[in-house]
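As structure tokens, the structure follows; a few thoughts come after it.
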Amino acid sequence: KHIKIALIPGDGIGPEVVAEGVNVLKAIEQLDSDISFTFTEFPWGCEYYLEHGNMMDDDGIDRLREFDAIYLGAVGYPGVPDHISLWDLLLRIRKAFDQYVNLRPVSLLDPSLTPLKSKSEKNIDMLVIRENSEGEYAGAGDWLFKGKPEEVVLQTGVFSRKGTERIIRYAYEEARRSNRTLTSISKGNALNYSMVFWDQVFEEVGKDYPDVTTYSYLVDAASLYFVTHPERFEVVVTSNLFGDIMTDLGAGITGGLGLATGANINPEKTYPSMFEPVHGSAPDIAGKGVANPIAAIWSVSQMLDFFGEEKWGKAVLDTIKSMIGETANLTPDLGGKASTSEVGNRFVEKLTEK
Ligand code: NAI
Ligand code: MG
Numbered sequence: 002k003h004i005k006i007a008l009i010p011g012d013g014i015g016p017e018v019v020a021e022g023v024n025v026l027k028a029i030e031q032l033d034s035d036i037s038f039t040f041t042e043f044p045w046g047c048e049y050y051l052e053h054g055n056m057m058d059d060d061g062i063d064r065l066r067e068f069d070a071i072y073l074g075a076v077g078y079p080g081v082p083d084h085i086s087l088w089d090l091l092l093r094i095r096k097a098f099d100q101y102v103n104l105r106p107v108s109l110l111d112p113s114l115t116p117l118k119s120k121s122e123k124n125i126d127m128l129v130i131r132e133n134s135e136g137e138y139a140g141a142g143d144w145l146f147k148g149k150p151e152e153v154v155l156q157t158g159v160f161s162r163k164g165t166e167r168i169i170r171y172a173y174e175e176a177r178r179s180n181r182t183l184t185s186i187s188k189g190n191a192l193n194y195s196m197v198f199w200d201q202v203f204e205e206v207g208k209d210y211p212d213v214t215t216y217s218y219l220v221d222a223a224s225l226y227f228v229t230h231p232e233r234f235e236v237v238v239t240s241n242l243f244g245d246i247m248t249d250l251g252a253g254i255t256g257g258l259g260l261a262t263g264a265n266i267n268p269e270k271t272y273p274s275m276f277e278p279v280h281g282s283a284p285d286i287a288g289k290g291v292a293n294p295i296a297a298i299w300s301v302s303q304m305l306d307f308f309g310e311e312k313w314g315k316a317v318l319d320t321i322k323s324m325i326g327e328t329a330n331l332t333p334d335l336g337g338k339a340s341t342s343e344v345g346n347r348f349v350e351k352l353t354e355k
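Residue numbers (UniProt numbering): 2 to 355.
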């Protein structure tokens, strides 16, 4: 199997962590003669913007189209407004390639990683499925009477029948396939159009899945339960904004952003899917060589799963788990003293030993 990968290392710690993920893929290539990868790097990001006035080339989307996967570090850096770096690169790619599923595992790899105290709380193993193409991040809105006393801004959520059904159906399929419960997180009491509709679609689609046990929580209550009873959640489906926020909360209870990953999936494989750590460019630690590369390496595991190489996806995840016990060999965010590349090298060593 051959996988053509476009690399967008991006800004800040992005290039630092992507380099380690690429090393893991190269190691797998060495270990398994049936798999090969090609890497094509694109220099896009904030530095590129400051030089060219553009986060990516005008024909960037067309150039990415020929790849199987995009492996991204992070974009965003002081000096370029965050809404520009986000909309002109990351969201542009997610939308152009209809990557409407954002798969974010919230999984506690080791009990030592959670700040939560009680025992039951340590049983955290969920898959958050976030709507990734519309909703609150549809980009619809207006800015009226700018700067005037009557100034008004509108930010409109867009929930289409097609967009809502397909993500909810995807989540039911995943719950059925993995024999887990499915929880919908919404806010039908306050958002009296969009979330009432979401709840209705969740119920309607559920008629096709009588075998799947479902729960439905308001997002505020769900935030509480993520902390007090995270073991209640297995497969979770939620909207773009709520999924964004709830998965950072998820990262907070499972070891932090240095371990959180997210795959932007086009399930039909009509277009490339994109794999990236959840974290941003971390300007506060960029260039210091202390960024945790494990989130980016976990993205590699998701990539391998997506392309049907589950054996390797699992091997990567198992190796991550086995590393968590070796605190000294981890980066400072996990209490260790190792550098980004030391973690990456140790990882490859362990993967190769297996
Ligand atoms: P951030 O995720 O970059 O950093 C938040 C905190 O977590 C910082 O203290 C950082 O040092 C720490 N952290 C993040 N990743 C880490 C890692 N791998 N190892 C160790 N510590 C890590 O979020 P922030 O500061 O809100 O945003 C910084 C920039 O990144 C902004 O320009 C923002 O727009 C952008 N951003 C980009 C994303 C993307 O490209 N997908 C996602 C989130 C933010
Ligand atoms: Mg986020």
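Positions of the beta carbon are idealized from the N, C-alpha and C atoms, including for glycine. In this text the structure is predicted, and so the values were computed from the model without any measurement.
With 16 or more other Cβ atoms from the protein chains shown falling within 10 Å of its own Cβ, A283 counts as buried. In this structure, the C-beta of G77 approaches the ligand NAI to less than 7 Å from one of its heavy atoms. V25 sits away from L117, with the two beta carbons spaced by 8 Å or more. For Y171, the uninterrupted alpha helix (DSSP H) segment begins and ends at 162–179.
No residue range can be given for S119, since it is assigned to no alpha helix (DSSP H) and is classified by DSSP as neither H nor E. Three or more pairs of CB atoms, one per stretch, sit closer than 8 Å, so the stretch 127–136 contacts the stretch 95–112. V153 carries a strand assignment under DSSP once its states are collapsed to helix, strand and coil. Looking at G80, T328, S37, the one whose alpha-carbon comes closest to that of R347 is T328.
Around the Cβ of Y194, a 10 Å sphere holds fewer than 16 other Cβ atoms; the residue is exposed. In the DSSP secondary-structure assignment, P44 is not bridged to any residue. The closest heavy atom of the ligand NAI lies less than 7 Å from the beta carbon of T332. Runs of the beta strand (DSSP E) lying entirely within the stretch 57–124, each at least 3 residues long, are 70–75, 102–108 in chain order. With 16 or more neighbouring CB atoms inside 10 Å of its own CB, E132 falls in the buried class. For N265, the secondary structure class from DSSP, reduced to helix, strand or coil, is strand. The ligand NAI never approaches V153 closely enough for any of its heavy atoms to be under 7 Å from the residue's Cβ.
With contacts defined by Cβ atoms closer than 8 Å, T157 and G142 form a contacting pair. Counting C-beta pairs with one atom in each stretch, the stretch 236–247 and the stretch 168–185 have three or more that are closer than 8 Å, which means they touch. Taking 7 Å as the cut-off, one finds at least one heavy atom of the ligand NAI near enough to the beta carbon of D285.
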